[in-house]
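In the numbering used here, the protein residues as written are -7 to 161. C-beta atoms are modelled at their ideal positions from N, C-alpha and C, and glycine is treated no differently. Before any comments, here is the structure.
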């Protein structure tokens, strides 16, 4: 799928990649969802499929936080307050902790709601507001949304498919 360049393409990418990911997540046996057998976001670590969902949820919530800050005219801390781009492993571990109390279905539901909120958000934007000017460094808002939603959905789906194949799921 090419890099989105307008609102319609961004919505298509987000919706398509999420639907593909969700289809894979629906087939994860609940008994295996919390087994730490998937390569983690920090080199040399293992995470569970439930952690992978927490990671995606964390990024989706960050995108919504960035957009809310932008709307309010506030400076946005990228990637998040207290984190630098070279500390994404530490941020991933925070996402796992943030959602540790949720069971696997609740994590999937929370991700579905965050995804729906992002879609709704993008639908309120225009091509100009999404792609008309740089927002963070050289990246326009639409590209930042894509980099932190549809791209991670595709990556997670590929990781999940590999994990499932290795386990005969």
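Bridge partners - residue i, DSSP secondary structure assignment
| i | result |
| --- | --- |
| residue 72 | 75 |
| residue 123 | According to DSSP, which records beta bridges pairwise, residue 123 is partnered with nothing at all. |
| residue 39 | 30 |
Residue i versus residue j - alpha carbon distance
| i | j | result |
| --- | --- | --- |
| residue 66 | residue 79 | 23 Å |
| residue 30 | residue 110 | 27 Å |
| residue 114 | residue 81 | 27 Å |
| residue 54 | residue 32 | 20 Å |
| residue 73 | residue 83 | 10 Å |
| residue 13 | residue 125 | 30 Å |
| residue -3 | residue 9 | 16 Å |
Distance between beta carbons of residue j and residue i, contact taken as under 8 Å
| i | j | result |
| --- | --- | --- |
| residue 20 | residue 34 | That belief does not hold up - the Cβ atoms of residue 20 and residue 34 are roughly 22 Å apart, past 8 Å. |
| residue 45 | residue 99 | 4 Å |
Same chain, Cβ closer than 6 Å to residue i, neighbours up to 5 away in sequence not counted
| i | result |
| --- | --- |
| residue 158 | none |
Residue range of the beta strand (DSSP E) that includes residue i
| i | result |
| --- | --- |
| residue 126 | 126 to 128 |
Range covered by the alpha helix (DSSP H) that runs through residue i
| i | result |
| --- | --- |
| residue 9 | -1 to 17 |
| residue 147 | 142 to 159 |
| residue 111 | 96 to 116 |
| residue 84 | 80 to 90 |
| residue 134 | 133 to 139 |
Nonlocal neighbours in the same chain, by C-beta distance under 8 Å from residue i, ignoring five residues either side
| i | result |
| --- | --- |
| residue 117 | -1, 133 and 134 |
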